[in-house]
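Here the structure is laid out as C-alpha cells; the discussion comes afterwards.
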Amino acid sequence: MFTRFKATREQKKLLKAIKKNPDDSSALAQLGWNAYAEHDEDEASRYFTRAIEARSEAFAATDALYGLALIDLEHKRYAEAREMLRQIIKDSPDFQRRAEVHLALGQANEWLWRTSSWKNEKEKAESDLLQRARDHYQQALERKTEQRDSANFFLGKLLYDSQQQEEAISYLQQVSNSTMLDQVEACEANALLGRYFWTVKQDAAKGREFLEMALKKNPKQNLLADIQRQLGDIAYAQTDDDLATQCYEQALTAYKDVQTEEVLETLVNLSELKYRHHWLKAAIDYAERGLQIPTESKTIPPRLLKILAQSYAGIKDYVNAAAYEQQYFQSTKDPDEKAASLLRLGVNYELQEQVKDAVDAYRKGLKFAKRNLEASKLNAALGRLYLHDGRFNQAINHIKEAVEKAEEDKAHAAAVYRLLGECHTARKETEKAIEAYGKILVDFPETGEEPVAREALKDFRKQFKKELQEIERAQKQEDADLQVKAGDAEEVERLLELIDEILDEKGFFERLKEGLAKTHLSFVARIEELLAKSTDVDDELIENLEEALILSDIGVATSQCIIEHLQESVERKELQDPRQIKFYLKREVQAILQGSEKRLDIEREKPFVILVIGVNGTGKTTTIGKMASKFKAMGKNVLLVAGDTFRAAAIEQLEIWGERAGCEVLKHTSGADPSAVMFDAIQAAKSRNVDVVIADTAGRLHTKKNLMEELKKMVRVIARELPGAPHETLMVVDATTGQNAISQAQLFHEGVGLSGLILTKLDGTAKGGIIVGIANDLNLPVTYIGIGEKVEDLREFHAKEFVDALFED
C-alpha cells in the first residue's frame, strides 16, 4: 500500500545503541522501520511503541507514531490509524513526512467511508469522510509527496467511485503509464480508464486501449475477469463475435465459481453468441448455468429463457423447447415478444404433430401482436394449417390478413403470396392464383419462392394448353356432349396470355441485349455487312466470314469448326442464299453453347462448398457477393470466406458484401495462410448449420507456379476436412480479356480441375464471343454471366437466351 523505508545496514550498531541507552527513541524508531520493511509487523510495533514511550527525541516519536498508524491501516483498523495520523497533523506541523501523513490520512478516511453503513446514496455522497479523504489526498499532492503517483491514483479512484468520473479521469490519466506505481495500482488505474471511456464516453478504441494496458499489468483474478468481460462487451458491440466469445470465456474462467450479476451478464452474452453461430449445445449450457444464478434483474431471465427455447428447437428437442417457450411467454411483458413467442410455440407444436395446440397458440398470438410483421406471420401460419385441413374459407381470410402486413420482409411476403396462390387454386379461383404467383415473380424475384411460383405458373400453362386442345378437338368434331362454347376457348386463351406475360423475361433479355451490344456490333453486324454485299455463297464470302468470326474472339479452332460445317451445308446445297447464313450461324452458335449450361445444385450437399478462383481484376469478390445475395434470398444460411488474405482491401470488400447480403464472413488477419482460413471455414460451416460456403481466393496469374501450388493446397485442405468438397470450383473470367481468357482457364483447369466458369463484364466489351470459344475448346460449362453492377445483373447462363440477345437486331 505504501513505500517501505529501507532497512538500515547498521542493525548491530542500533542494537548496541539501545543496549547502551534503552530510551534512544531514534534508534528504536529506526529498528521499527527495519522490522516493518521485513514485514515483521509485531516486532515493528514493539519498537515503535518503545520509541513513543521513551520520548527522548520528538521527531523519532512522531516517526514511530506514523509507523504504528501504517500498521493499523494495513490491519484495517482505520479509526485507530486516523486518530494517530490526526494527532501528527495537529502536534507536529514541521514533521518532514507530513505529505505522506496526509496521504495515509486520506486512506484512513476513504476506507472508513467505504466500510460505513449509509441510509442512502445521498448521505454517502455528502459524507464528511468522503470530503476529508479527498482533501487529504490533495494536501499530499500539494506538499509534493514522494508517493505522488499513488496519491493521484487514490484520489482518482475515490472520485470515480463517488460518481465524479469527469474529475477523476485527469488524475488517473497522469498515472496510466507510471513506473512508480505497483502493479496492482497501475492495473486498476488503467482498468478504470478503460471502463470510463467505454461505458461513459462510448469510445471503444480508447476503452480497449486502456483495458489491454491493464491486462499487461498482471491483474488479480477478479479484476482480470472484469477486464476480459469489458473487452468482450466492446467486441460484442462491434460484432467481432469471435473475439467477444474468446474474452467472455476467459472472463468466466477467471470468475471461477463466483455468482454475480457480472457473471450472469457474461453467461447471457455468451449464450446469445453461441446461438447466433449455431453452437446450440454450448448456448444451452451457458443459458442453463445463467438460470442458476439469483438475480433481481427483470430482463436477464427472459433473455436466457428465449435462448433456451430457440436452442432446444434448433437441436430438435421440441418438448424442452416448448417448455422454455412457455416460461419465456410468461416472463416477458412486451406484447410483440409474447406474439413472437406464441408463433415459435405453435411451430414447436406442429413439429410434435399437435396441430390443435398449434392453432390455439397462433390464435392467442394474434391477441398480442402489435407489429404488422408478427401479425402477418401468425395469420400466415393459421392460414397454412386451415388450408391443409381443407378449411379453405378460414384459410383465405387469414392469408389475406397476412398479405396486408407482410411487405417489410420480402422472403416472408413471397411465402404468403405462395400460400395465397395455393389457397386460390384449392378454391378453383384460377385467375387469382395466377395473380398471386405472378406477384412473386414481379416483386420478389430473388426469393426462394420464385422457382416455386414459376413452376406453378408453368403447370397452369400446360393445363390450359391441354384444355385448349380439348376444346379445339371438340369444336372440330362438333361433340355435342362437351357443349363447348366460344367463350370457353377465349377464357382459356386469355389466361394463357396472362401467364405468358408474367413469365416473359423481357426485362432481363433487354438488359442482356444492351450488354451484348458491343459484341453484336463486333460479330453479328460485321457479318450482316458482309452478307449485304454478297449475292452468292462463294469461297470469298466463306473466307471473309471465317476472318470475321476469328476477329470477334470466338477463337481460331471454334471459327474453323463453324466454317467447316457451313462448307458441308454449302456442298450439300442446303445453304445457297447468303440471307440464310445469319440464321445458320445462330443455330451453330446455339448448338455449341447448348451443352454449356449448368445450374448449381446447392441442395446436393450440406454444407455446399464453392471455391471461386481467377486472375486479378476479374471481379471475383463482387461476383461472390452477388451469388451470396441470391442464395440468401432463397433462405439459405451462407458463409463467405475471406481467402484472399493478400490484397489490402479484399477482406473489407467481402465484409461489405456480407453485410449487404446478411451473410457471416469468416476471416483471418491480412497476410494469414489462406489454407488455414479454409480449414477454419469448413469447421465453422459444419458446426454452424451452414447451407452454402463461398470461398474467395487471392487473384493469381496462371503462370506463377508457387501461387498455383498454394491454390492446390487450399483444395486439398478443403477436401480433407469435408470429403467431396469443394463441390464446385468456379473460375471468374473477365470477358474483356478475350482469347487470353481461354489460355488462363485451360491452365487453371489443369492445375485444380475447374467445374465451371462465370463470365463477367460482358456489358463492357466487344469480346463477348469468347464464351463460344470457351464452350467449344474447353468443354467447361458456364454457370453465370454478368452484364452489370447490380445483383440481378448476375444471371444463370441460358444458351438460347444468350444467342437470341446476341443475334437480335
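All residue numbers for the sequence shown refer to UniProt numbering, where the first residue is 1 and numbers rise by one. Built from N, CA and C at the ideal position, the CB exists for glycine as well. It should be emphasised that the depicted structure is a prediction, and the values quoted were computed from it without experimental measurement.
Quiz item: Do you know offhand how far residue 725's Cα is from residue 718's?
Solution: 6 Å
Exercise. Using DSSP bridges, identify the partner residues of residue 608.
Key: 692
Exercise. Would you check if there are 3 or more beta carbon pairs closer than 8 Å linking the segment 314-330 to the segment 275-289?
Key: yes
Quiz item: In this structure, does DSSP put residue 682 in helix, strand or coil?
Solution: helix
Self-check item: residue 597, DSSP secondary structure in three states
Solution: strand
Quiz item: Using a Cβ-Cβ cut-off of 6 Å (strictly less than) and excluding sequence neighbours within five positions of residue 156, which residues of its own chain qualify?
Solution: 168, 171, 172
Exercise. Under 6 Å Cβ to Cβ from residue 246, same chain only, skipping five residues before and after it: list those, please.
Key: none
Quiz item: Got a sec, what are the start and stop residues for the beta strand (DSSP E) residue 615 sits in?
Solution: No beta strand (DSSP E) contains residue 615, which DSSP labels as neither H nor E.
Quiz prompt | Which of helix, strand or coil DSSP assigns to residue 732 | solution = strand
Quiz item: Among 342, 570, 396, which has the Cα closest to the Cα of residue 375?
Solution: 342
Exercise. Return the residue from the list 125, 148, 410, 497 that minimises the CA-CA distance to residue 632.
Key: 410
Exercise. Look up residue 784 in the DSSP assignment and give the residues it is bridged to.
Key: 758, 796
Exercise. Count the other C-beta atoms from every protein chain shown that fall within 10 angstroms of the C-beta of residue 177, then say buried if there are 16 or more, exposed otherwise.
Key: exposed
Exercise. Have a look at residue 452 and residue 676 and give me their C-alpha separation to the nearest angstrom.
Key: 39 Å
Quiz prompt | Proximity below 9 Å, CB of residue 67 to CB of residue 106 | solution = no
Quiz item: Under the DSSP definition of a beta bridge, which residues are partnered with residue 640?
Solution: 665, 694
Practice problem: Go ahead and label residue 412 buried or exposed: buried means 16 or more other beta carbons lie within 10 angstroms of its beta carbon, across all protein chains shown. | Solution: buried
Exercise. Could you pull the start and end residues of the alpha helix (DSSP H) that residue 276 belongs to?
Key: 261-276
Quiz item: Out of 355, 356, 373, 350, which has the shortest C-alpha to C-alpha gap to residue 339?
Solution: 373
Quiz item: Mind checking whether residue 774 and residue 745 have CB atoms under 9 Å apart?
Solution: yes
Quiz prompt | Extent of the continuous alpha helix (DSSP H) run through residue 184 | solution = 183-195
Quiz item: Counting along the chain, where does the alpha helix (DSSP H) carrying residue 126 start and finish?
Solution: From DSSP, residue 126 is part of no alpha helix (DSSP H); its letter is neither H nor E.
Exercise. Assuming residue 619 contacts residue 763 (C-beta within less than 8 Å), just tell me the rounded distance between them.
Key: Residue 619 to residue 763, Cβ: 12 Å. No contact.
Exercise. Consult DSSP for residue 317 and reduce its assignment to one of helix, strand or coil.
Key: coil
Quiz item: Quick one: what does DSSP say residue 20 is sitting in, helix, strand or coil?
Solution: helix
Practice problem: Note down the Cα distance separating residue 565 from residue 801, rounded to an integer number of angstroms. | Solution: 23 Å
Self-check item: Own chain, CB closer than 7 Å to residue 461, minus 5 neighbours either side, in chain order
Solution: 496, 499
Quiz item: Does the beta-carbon distance from residue 79 to residue 108 come in below 9 Å?
Solution: yes
Quiz item: In three-state DSSP terms, what is residue 484?
Solution: Because residue 484 carries a pLDDT of 49, less than 50, the predicted location of this residue cannot be relied on, and the following value inherits that uncertainty. Residue 484: coil per DSSP, three-state reduction.
Quiz item: When every heavy atom of the ligand GTP is checked, does at least one fall within less than 8 Å of the C-beta of residue 82?
Solution: No copy of the ligand GTP appears in this structure; indeed no ligand is present at all.
Quiz item: Quick one: what's got a C-beta closer than 6 Å to residue 267's C-beta in the same chain, skipping five residues either side?
Solution: 286, 289, 290
Self-check item: Rounded straight-line distance, which links the Cα of residue 194 to that of residue 209
Solution: 7 Å
Exercise. Pick helix, strand or coil for residue 427, following the three-state DSSP scheme.
Key: coil
Exercise. May I have the straight-line CA-CA distance separating residue 248 from residue 241, to the nearest angstrom?
Key: 10 Å
Quiz item: Rounded to a whole number of angstroms, what is the C-alpha to C-alpha distance between residue 681 and residue 728?
Solution: 16 Å
Quiz item: What's the C-alpha gap between residue 540 and residue 772?
Solution: 24 Å
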